[in-house]
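In the numbering used here, the protein residues as written are 2 to 266.
From the three backbone atoms N, C-alpha and C, an ideal C-beta is built for every residue, glycine too.
This structure is a prediction, so every number in the text was calculated from the model and none was measured.
Notes follow the structure.
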């Protein structure tokens with residue numbers, strides 16, 4: 002095994018330079034710090050898995066740490082270069098896969114199991130719809146019962162307001178449960194908000210139920226309504242309880258009044 006001579010490397014080719022070194026000089030600017038040496042000396046035997054662990058344990062000098070580990074046991078330059086390539090391949094795979102893992106984690110957070118519901122809240126369609134209205138209603142300054150609200154929703158449930166962007170046109174905004182709480186919650190709690198059902202029509206088949214629930218909204222229980230509209234509820238019964246799958250709503254406007262058939266008792 003030959004030793005590196007002073008002119009054995011090309012200064013403009015880092016990989017050629019470092020892969021042909023037998024050892025990294027102590028005063029080399031890319032030499033890993035003490036934690037690298039400690040981590041590598043105990044477990045690194047020029048195996049790619051151990052080296053990857055060493056590389057992920059520090060903040061800099063990863064390539065040189067790999068070379069130091071590989072050379073510690075007297076690996077030939079060609080073996081060291083192969084070790085670097087294997088390690089970099091693994092790190093590239095991790096870098097490419099990381100965004101997918103983050104997206105999967107976000108999806109999992111949004112579809113994780115909800116809190117256990119109070120049985121009475123989910124026993125019937127009437128009960129679960131009433132629980133939705135109750136959980137979002139309350140005086141100014143009072144936190145809403147978001148745990149109760151979450152317990153009514155099936156994993157992956159959606160809440161969809163029909164927002165008016167321009168006169169005569171609306172655009173649906175699709176929220177997850179957590180997005181709805183983050184977007185609407187602060188306003189409900191700050192100003193005071195009470196919503197009640199005025200009328201409902203229902204169609205059902207098997208485990209599926211659709212409820213067209215007319216509502217009005219007030220700042221206090223005794224004040225005049227400042228808004229009216231219709232909440233379109235999609236419900237599902239799994240044999241043990243009812244779930245909210247979707248709430249899709251639109252507000253009444255001067256040019257879009259609620260039809261009389263959705264207001265009469």
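Query raised in the report: Are there 16 or more other CB atoms within 10 angstroms of the CB of residue 241, so buried, or fewer, so exposed?
Result: exposed
**Report entry** Straight-line Cα distance separating residue 96 from residue 60
**Finding:** With a pLDDT of 41 at residue 60, under the threshold of 50, the modelled position of this residue cannot be trusted; read the value that follows with caution. So the alpha carbons of these two residues sit roughly 16 Å apart.
Query raised in the report: Where does residue 127 sit, in a helix, a strand or coil, going by DSSP?
Result: helix
Query raised in the report: Can residue 132 and residue 149 be called in contact, C-beta distance under 8 Å?
Result: yes
Report task. With DSSP as the reference, label residue 259 as helix, strand or coil. Result -> Residue 259 falls in the coil class under three-state DSSP.
**Report entry** Local Cβ density within 10 Å of residue 160, reported as buried at 16 or more and exposed below that
**Finding:** buried
Query - Exposed unless 16 or more other CB atoms sit within 10 angstroms - verdict on residue 162 - result: buried
Query - Identity of the residue in 263, 86, 115 nearest residue 200 by Cα - result: Relative to residue 200, the option among 263, 86, 115 whose CA is nearest is 263.
**Report entry** Residue range of the alpha helix (DSSP H) that includes residue 150
**Finding:** 147-153
Query raised in the report: How many Å lie between residue 193 and residue 156 at the Cα?
Result: 28 Å
Report task. Would you check if the distance between the CB atom of residue 126 and the CB atom of residue 212 is smaller than 8 Å? Result -> yes
Query raised in the report: Would you say residue 237 and residue 208 are within 8 Å of each other, going by their C-beta atoms?
Result: yes
**Report entry** For residue 241, the three-state DSSP class (helix, strand or coil)
**Finding:** coil
Query raised in the report: Going by C-alpha distance, which of 227, 224, 245, 226 is nearest residue 234?
Result: If you compare the alpha carbons of 227, 224, 245, 226 with that of residue 234, the shortest gap goes to 245.
Query - Rounded Cβ spacing between residue 250 and residue 232 (contact assumed at less than 8 Å) - result: Indeed they touch by this definition, with Cβ atoms about 4 Å apart.
Query raised in the report: When we look at the beta-carbon of residue 255 and count the other beta-carbons within 10 Å, is it buried (16 or more) or exposed?
Result: Exposed.
Query raised in the report: Which value, in whole angstroms, describes the spacing of the CA atoms of residue 239 and residue 203?
Result: 18 Å
Report task. Consider the C-beta atom of residue 253 and the heavy atoms of the ligand GTP; say whether any pair is separated by less than 7 Å. Result -> Absence of the ligand GTP from the depicted structure is noted, as is the absence of any ligand whatsoever, leaving it without description.
**Report entry** Spatial distance of residue 227 from residue 91 (CA atoms)
**Finding:** 59 Å
**Report entry** Nearest-angstrom Cα separation, counted from residue 94 out to residue 33
**Finding:** Note that residue 33 has pLDDT 46, beneath the 50 cutoff, so the model's placement of it is unreliable and no number is given.
Query raised in the report: Would the beta-carbon of residue 191 fall within 8 Å of that of residue 141?
Result: The answer is yes: Cβ separation under 8 Å.
Query - Top-ranked residue by Cα proximity to residue 217, from 195, 189, 210 - result: 195
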